Amino acid sequence: QIFTCNILQREAGSEAPFLEFIQRVCSEKRLPDGSCAPIKPGCGGFGIRNFLALFLSMEVSKAMADVEAAVVAGDSDAEARARGRVELFTSQLEESNPILTAIA
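Here it is as C-alpha cells:
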C-alpha cells in the first residue's frame, strides 16, 4: 500500500487529493495446469466499512479544526455548530468501525 503526496494542491495547507495504490496478491493463485485461478468475489476489495471510516475520520478532523478556528475567533455559535459536527461524525465512526475509532 503506497500513498502519494498531495497532488494538484494550489497552496500550502489547502485540501488536495492524493493517490493510493494497493497491490492484491489473491490473483496469483494457480490451477494445476498453470493457469490463473479465478478470483473470488470480494478478494482484495477495499470494503465499504474502510471507505466509510476513512471519510468520517477526515470529516472529524475538519470539524475539529473548525472548532479551534471558532474558539480563536471567539465565535460561540460557529464553535457550537462545529462541536455538533464532531459529535455527529464521531458517533457515526464509532458505529461503523469501533475498533478503528478506539485506535484513533
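Letter by letter, the sequence shown follows residues 163 to 266 in our numbering. Yeah, the Cβ is synthetic: ideal placement off N, Cα and C, and Gly gets one too. As the structure is a prediction and not an experimental result, all values here were calculated from the model.
Spatial distance of residue i from residue j (CA atoms)
{"i": "A227", "j": "N259", "result": "22 angstroms"}
{"i": "A242", "j": "V229", "result": "8 angstroms"}
{"i": "S197", "j": "F183", "result": "26 angstroms"}
{"i": "E257", "j": "P194", "result": "44 angstroms"}
{"i": "L214", "j": "A235", "result": "31 angstroms"}
{"i": "R247", "j": "M220", "result": "12 angstroms"}
{"i": "N212", "j": "G175", "result": "25 angstroms"}
{"i": "A240", "j": "R172", "result": "26 angstroms"}
Residue i - DSSP class collapsed to helix/strand/coil
{"i": "E182", "result": "strand"}
7 angstroms Cβ cutoff met for residue i and residue j
{"i": "L218", "j": "Q254", "result": "yes"}
{"i": "V222", "j": "F251", "result": "yes"}
{"i": "A199", "j": "K191", "result": "yes"}
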